[in-house]
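To convert, take the position in the sequence shown, counting from 1, and add 585; that gives my numbering. Heads up, the beta-carbon is just placed ideally off N, CA and C, and yes, glycines get one too.
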Amino acid sequence: MRGVGAILIAWAAVAAAAQAEETAARIGDPARGEELFQVCAACHQVGEGAEHGIGPHLNNIFDRKVAQFDDFDYSEGIERARRDGMVWDLEHLDAYLTNPKLLVSGTNMEFAGLAEAQDRGDVLAYLRQFSASPRDIPEAAPTALPQEVSLAPDVLAIVGDPDYGEYLAAECTTCHRTDGEYDGIPVITGWYEEDFVLAMHAYKQKIRPHPVMQMMAGRLSDEEIAALAAYFGALE
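Set out below in structure tokens:
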């Protein structure tokens with residue numbers, strides 16, 4: 586899995602290089618992406634009236650949990666990725682387009698991948714037009730690359746108490762659903778705990794600009810953030 590890790594690290598490096606005020610960096614050229622998408626169109630539909638074909642339709646693909654449709658027969662590999670909590674965020678979509686079988690072993694997707702980062706960015710920018718912008722998020726993920734935060738190893742090493750996290754989660758669940766369904770507000774169930782912790786500390790340090798999330802995270806201790814990460818990470 587080193588190849589996937591390198592891809593994700595590369596995206597993180599781009600994000601870290603972005604200025605906090607400049608949180609709307611385009612991921613690619615959607616017009617060029619539409620041309621490149623013709624290769625994908627043999628299996629996937631997108632846009633008004635899109636239906637499942639050989640592959641599922643790609644409307645609202647961004648920030649959607651993997652294998653979301655009950656009326657599509659997914660591969661065993663994709664079903665496993667859903668159980669593992671994978672979400673089609675920018676990093677995972679980019680990794681999948683780079684090499685589908687490297688990211689999801691056992692996928693049925695017969696596509697060699699796009700080696701050029703610009704090609705992938707352009708296709709993703711095209712697909713982004715068919716996903717609703719998550720509400721109340723100024724960086725308008727995932728067309729933006731927000732700056733992330735670096736944390737000391739001892740903070741990342743804190744083992745959260747999921748029961749305490751459940752107690753703390755009442756404010757979170759006024760907006761975020763716990764059933765893993767996407768309704769315009771990002772899915773936070775099944776997150777890898779470190780990703781959750783990094784995101785919350787980015788809000789706490791005002792690197793991510795959402796004012797409500799800054800306020801919420803600012804109230805939390807390191808231990809409380811770890812507890813929330815443990816709770817939400819364990820939810821299917």
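Contact between V708 and L699 is confirmed by a C-beta separation of about 7 Å, below the 8 Å threshold. Along the segment 727–783, the alpha helix (DSSP H) occurs as fully enclosed runs of 4 or more residues at 738–741 and 747–753, listed in sequence order. Partner residues in the beta bridge of K650, as assigned by DSSP, are V672.
Comparing C-alpha distances from S660 to each of E751, G818, P685 and P747 shows the shortest one belongs to P685.
DSSP places L820 outside both helix and strand once states are collapsed to three, so it counts as coil. In this structure, P738 keeps its C-beta atom at 8 Å or more from the C-beta atom of D648. Within the same chain, Cβ atoms closer than 8 Å to the Cβ of G765 are found at K650, V772, T774, G775, L820 and E821, the five residues on either side in sequence being excluded.
The three-state secondary structure of M798, taken from DSSP, is helix.
Across the set L813, N645, R804 and R793, the C-alpha of L813 shows the shortest separation from the C-alpha of E778. Per DSSP, reduced to three states, the secondary structure at M694 is coil, with no helix or strand assignment. Within the same chain, no Cβ atom closer than 6 Å to the Cβ of A755 is found once the five residues on either side in sequence are excluded.
Taking each of I743, V797 and F715 in turn and checking the Cα distance to E809, the smallest one comes out for I743.
Here the C-alpha atom of R762 lies approximately 30 Å from the C-alpha atom of L687.
In this structure, the CA atom of R617 is about 30 Å from the CA atom of A666.
About 4 Å separates the beta carbon of I639 from that of C628, a gap short enough to meet the 8 Å contact definition. Apart from the 5 residues on each side of it in sequence, R668 sits with its Cβ closer than 8 Å to the Cβ of E821 in its chain, given in chain order.
If you draw a straight line from the Cα of E664 to the Cα of D658, it is about 9 Å long. For the set G662, Y681, C757 and Y711, the Cα lying nearest the Cα of G691 is the one of G662.
Taking 8 Å as the cut-off, the beta carbon of F715 is found closer than this to the beta carbon of G632. Here the alpha carbons of Q630 and P641 stand approximately 7 Å from one another. In the structure shown, C628 falls within a coil segment according to DSSP collapsed to helix, strand and coil.
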